[in-house]
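Residue numbers (the numbering used here): 9 to 246.
We put the CB at the ideal spot given by N, CA and C, even for glycine.
Quantities reported herein were computed from a predicted structural model and do not represent experimental measurements.
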């Protein structure tokens, strides 16, 4: 059960810096999350006007090598660890220069002369199984402590495993796959933008995140997931 108040949530602190919930057509959740995390950092640190045009998700998709995408043809990414180099090398532009079309066919897109390209200085995928955490008896708490710090710095892209119960979530339920589900393979992974965290009545940590399936799902387009099911997140800096 959700706590009466979130311990921390950008949705409550500065909602104007968060982009509206969107409904994706193709499986581009990864691109949406990465670019929104970067945009949030820029605006929070006054490197981009909060009322300015948003960063382009399409530019990031265009510059992502297509061999990184699943062969189904819907744009799903096979391995999140391949994405940091794309954002570091190519960055992105304002959305007005490259509007979202969700096309997956463009293999490369260079910004026109005079168009500002925004690039972060650091993008790194962190895993619960990184050497930094692997040899520590308190690995779980250290990993999630670092994830919470990233959220407080300015949101965090993270991966969650999807099982059938995910599609049955209602309102403010916290996603918690059953033991029976966990014995089977996940349906797929979902890459989302974490915007807050809190603890339930048993002091178990859970995270709040933006969905990409419209505002009719979950808590007006937001869902919640227990920390137990989060093993990967993205660390980013300007």
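Straight-line gap, residue 234 to residue 138 (C-alpha atoms, nearest Å):
Rounded to whole angstroms, residue 234 to residue 138 spans 20 Å at the Cα level.
- Message: Do residue 203 and residue 40 have their beta-carbon atoms positioned less than 8 Å apart in this structure?
- Response: no
| field | Which of helix, strand or coil DSSP assigns to residue 202 | value | strand
### Message
Judging by CA-CA distance, which residue of 197, 55, 172 and 159 is the nearest neighbour of residue 125?
### Response
55
Query raised in the report: So, residue 127 versus residue 96, is the Cβ gap smaller than 8 Å?
Result: yes
* To do: Can you tell me which of 69, 50 and 19 puts its alpha carbon nearest to the alpha carbon of residue 62?
  => 50
Quiz prompt | Rounded separation between residue 109 and residue 103 - CA only | solution = The straight-line gap from Cα to Cα measures roughly 11 Å.
Among 232, 171 and 197, which one has its Cα closest to the Cα of residue 207?
232
Exercise. How would you label residue 188, buried or exposed, when you count the other beta carbons within 10 angstroms and need 16 or more for buried?
Worked result: Its Cβ having fewer than 16 others within 10 Å, residue 188 is exposed.
Can you tell which of 114, 162, 71 and 239 has its C-alpha closest to the C-alpha of residue 135? Residue 135 has its Cα closest to that of 239, out of 114, 162, 71 and 239.
Item to check | Under the three-state DSSP convention, the category residue 89 falls into | outcome: In the three-state reduction of the DSSP assignment, residue 89 falls in the helix class.
Practice prompt. Please say whether residue 69 and residue 112 have beta carbons closer to each other than 8 Å?
Written response: yes
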